[in-house]
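Chemist: Next up is a structure, given as structure tokens.
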Amino acid sequence: MSEIFQQLSTIIIEGDEEKAPELVQKALDEGLAPIEILDKGLLPGMNEVSARFEQEEMFVPEVLLAAKAMHDGLQVLRPHLVETGAKPTGKIVLGTVKGDIHDIGKNLVGMMCEGAGFEVINLGFDVDPEKFVAAVKENQPDIVGMSAMLTTTMIAMGYTIKALKEAGLRDTVKIMIGGSPVDSEIAERIGADGYAYNSPTAVELAKRLVGAT
0 MSEIFQQLST IIIEGDEEKA PELVQKALDE GLAPIEILDK GLLPGMNEVS
50 ARFEQEEMFV PEVLLAAKAM HDGLQVLRPH LVETGAKPTG KIVLGTVKGD
100 IHDIGKNLVG MMCEGAGFEV INLGFDVDPE KFVAAVKENQ PDIVGMSAML
150 TTTMIAMGYT IKALKEAGLR DTVKIMIGGS PVDSEIAERI GADGYAYNSP
200 TAVELAKRLV GAT
């Protein structure tokens, strides 16, 4: 039994998006519990990817492949998790702010948060404050995550927080920000709850914000 968990972890680390859903299905067919497939197979693989990325033993293209394999494996597993009543770690609305079309880093954060058990609503890029507000109203997330890669667009983060306040929604969510022009000082200045400088730290921050660590 432990062998298939190891195989699942290895497939995630190797970024094999074709084999990941096949092996998840095989594990289900063998009668393994969905939560065990996640906790003992998929998550350890993604955790190892995060550790290697932090240690610069893996790089963004490899991490993207691993995250895609994780995503595809979860597509098979998620309905079975829902059937067993397993709850997500939390719910996150993600978007690159208005005026900014950079979304590779934000997408990576989304996939890695999904791999950590979060439900992720990805709004894409060039997301204006009103769209963030509408997404919070519709989805009632635990966290709003905003990304900006340009100094000229990061000011939209502050505008978005202001819009959430005006809509009476600011106190219903935690807000985290990321992107090359921002840091923890800027997060504090605009009233965000936290800053993450890369995708593994974003996952850890998200867990802390929902009390999952």
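Numbering of the sequence shown is given in numbering that gives the first Met the number 0, commencing with residue 0 and proceeding in unit increments.
Each residue gets a CB set at the ideal place from its N, CA and C atoms; glycine is no exception.
#1: Here's the rule: buried if 16 or more other CB atoms are within 10 angstroms of the residue's CB, otherwise exposed. What is S146?
#2: DSSP state of I91, grouped into three classes?
#3: Go to I189, then tell me how far its alpha helix (DSSP H) extends in each direction, as first and last residue.
#4: How should K136 be labelled, buried or exposed, when 16 other C-beta atoms within 10 angstroms of its C-beta is the threshold for buried?
#5: How would you label A134, buried or exposed, when you count the other beta carbons within 10 angstroms and need 16 or more for buried?
#6: Roughly how many whole angstroms lie between the Cα atoms of E47 and T95?
#7: Of all the options L64, V92, G14 and G177, which has the alpha carbon lying nearest to the alpha carbon of K130?
#8: Which stretch, first to last residue, makes up the alpha helix (DSSP H) that contains K97?
#9: Restricting to Cα atoms, I'd like to know which of Y196, L42, V62 and I103 is closest to L76.
#10: Quick one: using the 10 Å Cβ neighbour count with 16 as the cut-off for buried, is T159 buried or exposed?
#11: Report yes if the CB atom of V81 is closer than 8 Å to the CB atom of D141, and no otherwise.
#12: Secondary structure at N197, three-state DSSP: helix, strand or coil?
#13: Just reading off the alpha helix (DSSP H) that M145 is part of, what are its end residues?
#14: Quick test of your reading: G177 and V108, contact by CB under 8 Å. State the CB separation rounded to the nearest angstrom.
#15: Could you round the C-beta distance between P128 and K105 to whole angstroms and report it? I think they count as a contact, below 8 Å.
#16: Mind checking whether G30 and F4 have CB atoms under 8 Å apart?
#17: At what residues does the alpha helix (DSSP H) containing E2 begin and finish?
Modeler: Taking the structure as given:
#1: buried
#2: strand
#3: S183 to I189
#4: exposed
#5: buried
#6: 27 Å
#7: V92
#8: Element bounds for K97: n/a, residue is neither H nor E.
#9: L42
#10: buried
#11: no
#12: coil
#13: Not the alpha helix (DSSP H): M145 falls in the beta strand (DSSP E), residues I142 to S146.
#14: 7 Å
#15: Going by Cβ atoms, the distance from P128 to K105 rounds to 16 Å, so no, they are not a contact pair.
#16: no
#17: S1 to E13
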